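Below is one structure, written out as structure tokens, with a few remarks after it.
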Amino acid sequence: MGKSKTTKFKRPKFTAVGLPGAGVKEVNGEEEEHDDDSCPAAELLEKLQSPSADIREFACASISRVVQQSQTIPGFLQRDAVRRLGPMLLDSSLAVRETATGALRNLSACGGQEVCEDMVKHDVMTPLTALLRECCAGFESATMSMKDQKNVVEDVANEAVNLMWNLCENSSQALSVFNKAGLLDIVVQCLERHPHNMELAISAAHCLHTVTEDNPELLCSMNAAVFGALENVLLSSQPVMAHTLLKSLAAGTLWNMKGSLPAARQAQTINAIVATLSQCLDLDSGSLIIELRQAEEVRHRNTPPVSDIEGQAIAEIPVEEMDEEEEAPKKKQNVKAVKADNDLSDLLPRGKEELREATALLTAQQTSLEIIVNMCCSDDPSDDEWEEESSSDESDNGPDGLCDGVSNLMSPLCLSAEVQGSLISHSIPEKANTCLLQKVIFFFRMQRVQSRALTCLHSILSTMDAESLGGPTALQGAAQHLSMLVFGTADEEFLEAVISAMRSLLQMMASKNISQCMTPQQLMSLSEAATRCDVVSVRVNAVAILGITGSTLAREKGTAETLQMIGKALLEVATRDADLVVNGEALDALLDVFADGDEAETAAQNIQLLPALKALQPVFKAKIRKEGRGKYSPQQLCVLDNIKINLRRFIGYLEKLVKK
């Protein structure tokens, strides 16, 4: 079990709204003129050579908008757009610099990894690096000369940092250039602008959080100034939700850099990181978002209507629930009142100021949950370790340890004493079981926060004991919440997160003999529904839940009939599922359910388990031989080999029972 590679927050796209110059106004006015299927690449790229700064700005802003339609991107790349936009990053006009950087930012964000790598090959990093250096050198002078005006230099820097973030996240070559060019100090300078420009600081924090992850080359160049800047962010305070996001990202960056911290400061820094994450999770997101929505409505009521022609106030105009800053599916509605249900989408503010606050809060809590997941996870064992485990002598497992090999692979994750102590002292486990689950219920439409909360809960369940998580009553309540959530979504990412958390929770409860407070039939329905999912990991966890339930019931009287239902369901999966890993997990669950006890013995006889397994054994072995070596990882092969061995032993055990 290795470090969680959770999906990062998607950065907002560049928008030309609010930029100076007639050219940009022309872009906004012409917004509907281009057909979605057309690509005016040649014309717009030609305008980049115009002697007029307004026309160059117009061309860059237009490209920014057009490339958000992904089908237009090839047309621009074929016409060498990156090489032609690159010089614009150092244009004599700051407005052109900003829109050109925004155009490349959108190209990288909408084009994905392949386009980012292509941009780096076309040497976009050279002008981008020069631009960032010039921006940072001009921060103080620009601030002094533009005290009460918009700081255009910082706006340019914001676009440049976002572009750098995109490129480094998607291209190892870009990350290498970042390391060698000494850009860490430059981005830290942008971070330090947070008292004056929170938007730039957050972009810099996102970038730092990305470039410091799994980047030993960069970590070697860390210095006291970098650590000091990040720690200053943790200690700072501003009364806005964006600052909560900034602190969460700084905490994540410090966690990525923990190996470079002086030994004397590690415990103190880890405690500060966990304290920051804990404070973020303490925030009642539901109440705060409703307050933001109400504040927005009050502001709109106190603001005159945009025009008499429109015939209604801003608050009653059909608006998009989520603007492009969240990159969520868009939907137009008339929203006149707050809905009293679990759909948070309608509760989100619609105006930019309040919506940005709500987005920052949700992103901060998502980021905090992701960091906690990574704190609870250790590195993946090497392939050599798996091969050594897999090739060990069968006799090492012992005659009474049917699934010891598999159990060793699935053992709880290890935390350092400092991390575990800090998590417990800040009540992170309890918050995972109460606060986080409450957020999951309320944020029914906020799939990212929801999934991260569940993944975090899964990781914490793997590292903490039952009492740290609130005891039997809290765990039983969590199990009930999770079972409700499984049937309430068709989203695969969410289903994967909830079924994984539920497996860990039920395993902990079974090991402590805590009643599950759900009927076997309910659990059967839950697992059977999950086994129909296309995601392999969901099916694996579903049959594991059946195994956990069955092995618990096998210790109770009068459960033979239920065990028969579970046994038949597991045999069906072991026989018919197309994936070998799922077959193996179903067989492993069967061994757990029918390993011991009078009820299990009766149920096994009634469903003819012995002949069924004898028929399955050669098929399973053949599938491992034919499909295993090129299709599955060393870890999966190790588990499958252990299941094959245990299946042979279990058949022998059943044969002895028959001879009694």
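Take 3 as the starting number for the sequence shown in my numbering and just add one per residue. Glycine included, every Cβ here is placed at the ideal spot set by N, Cα and C. Predicted, not measured: the structure shown is a model, and the values here were computed from it.
Review point. Excluding sequence positions up to five away, which residues of its chain have a Cβ less than 7 Å from the Cβ of residue 611?
Key: 569, 596, 656
Point to revise | Beta-carbon proximity of residue 52 to residue 58, cut-off 7 Å | key: yes
Review point. Is it true that the CB of residue 591 sits closer than 7 Å to the CB of residue 545?
Key: yes
Point to revise | residue 118 and residue 172 closer than 7 Å at C-beta | key: yes
**Study point:** residue 110 classed as buried or exposed, judged by whether at least 16 other C-beta atoms fall within 10 angstroms
**Key:** buried
Point to revise | Segment contact, 8 Å Cβ cut-off, at least three pairs: the segment 253-266 with the segment 361-373 | key: yes
Exercise for review: Measure how close the beta-carbons of residue 202 and residue 192 come, nearest whole angstrom, since I'm counting them as under 8 Å.
Suggested key: 5 Å
Review point. In terms of alpha-carbon separation, which member of 158, 244, 365, 261 lies closest to residue 355?
Key: 244
Exercise for review: My understanding is that residue 572 touches residue 548, with C-beta atoms under 8 Å, so please give their C-beta distance in whole angstroms.
Suggested key: 6 Å
Check your understanding: Does the Cβ-Cβ distance between residue 619 and residue 659 come in under 7 Å?
Key -> no
**Study point:** Run of the alpha helix (DSSP H) containing residue 661, from where it starts to where it stops
**Key:** 636-661
Review point. What did DSSP end up calling residue 533 once you bin it into helix, strand or coil?
Key: coil
**Study point:** Exposed unless 16 or more other CB atoms sit within 10 angstroms - verdict on residue 157
**Key:** buried
Check your understanding: Rounded to a whole number of angstroms, what is the C-alpha to C-alpha distance between residue 135 and residue 543?
Key -> 50 Å
Point to revise | Inter-residue CB distance, residue 259 and residue 221 (contact presumed, cutoff 8 Å) | key: 6 Å
Point to revise | Whole-angstrom C-beta distance between residue 282 and residue 250, which should lie under 8 Å | key: 5 Å
Practice item. Less than 8 Å between the CB atoms is what I'm expecting for residue 593 and residue 652, so what's the real figure, rounded? Key: 5 Å
Point to revise | Cβ-Cβ distance between residue 507 and residue 463 below 7 Å | key: yes
**Study point:** N-terminal and C-terminal residue of the alpha helix (DSSP H) that residue 258 is part of
**Key:** 243-258
Practice item. Taking 7 Å as the cut-off, decide whether the C-beta atoms of residue 105 and residue 137 are in contact. Key: no
Check your understanding: Taking C-beta to C-beta, are residue 501 and residue 540 nearer than 7 Å?
Key -> yes
Exercise for review: Give the C-beta separation of residue 509 and residue 550 to the nearest angstrom, bearing in mind that I take them to be a contact with Cβ-Cβ under 8 Å.
Suggested key: 6 Å
Practice item. Please say whether residue 378 and residue 513 have beta carbons closer to each other than 7 Å? Key: no
Check your understanding: How many Å lie between residue 223 and residue 261 at the Cα?
Key -> 12 Å
Check your understanding: If we ignore side chains and look at the alpha-carbon of each, how far apart do residue 511 and residue 468 end up?
Key -> 8 Å
**Study point:** Inter-residue Cα distance where the pair is residue 182 and residue 486
**Key:** 51 Å
Exercise for review: May I have the straight-line CA-CA distance separating residue 301 from residue 363, to the nearest angstrom?
Suggested key: 20 Å
Exercise for review: Tell me whether residue 265 is buried or exposed, calling it buried when 16 or more other Cβ atoms sit within 10 Å of its Cβ.
Suggested key: exposed
**Study point:** Three-way DSSP call (helix, strand, coil) for residue 180 in this model
**Key:** helix
Review point. Which class does residue 596 belong to by DSSP, given the choice of helix, strand or coil?
Key: coil
Check your understanding: Can you give the beta carbon distance from residue 575 to residue 538, rounded, assuming they're within the 8 Å contact cut?
Key -> In fact, because the Cβ distance is near 12 Å, the residues do not count as touching under 8 Å.
Review point. Thinking C-alpha only, which one of 235, 189, 200, 268 is nearest residue 214?
Key: 189
**Study point:** Straight-line gap, residue 100 to residue 360 (C-alpha atoms, nearest Å)
**Key:** 26 Å
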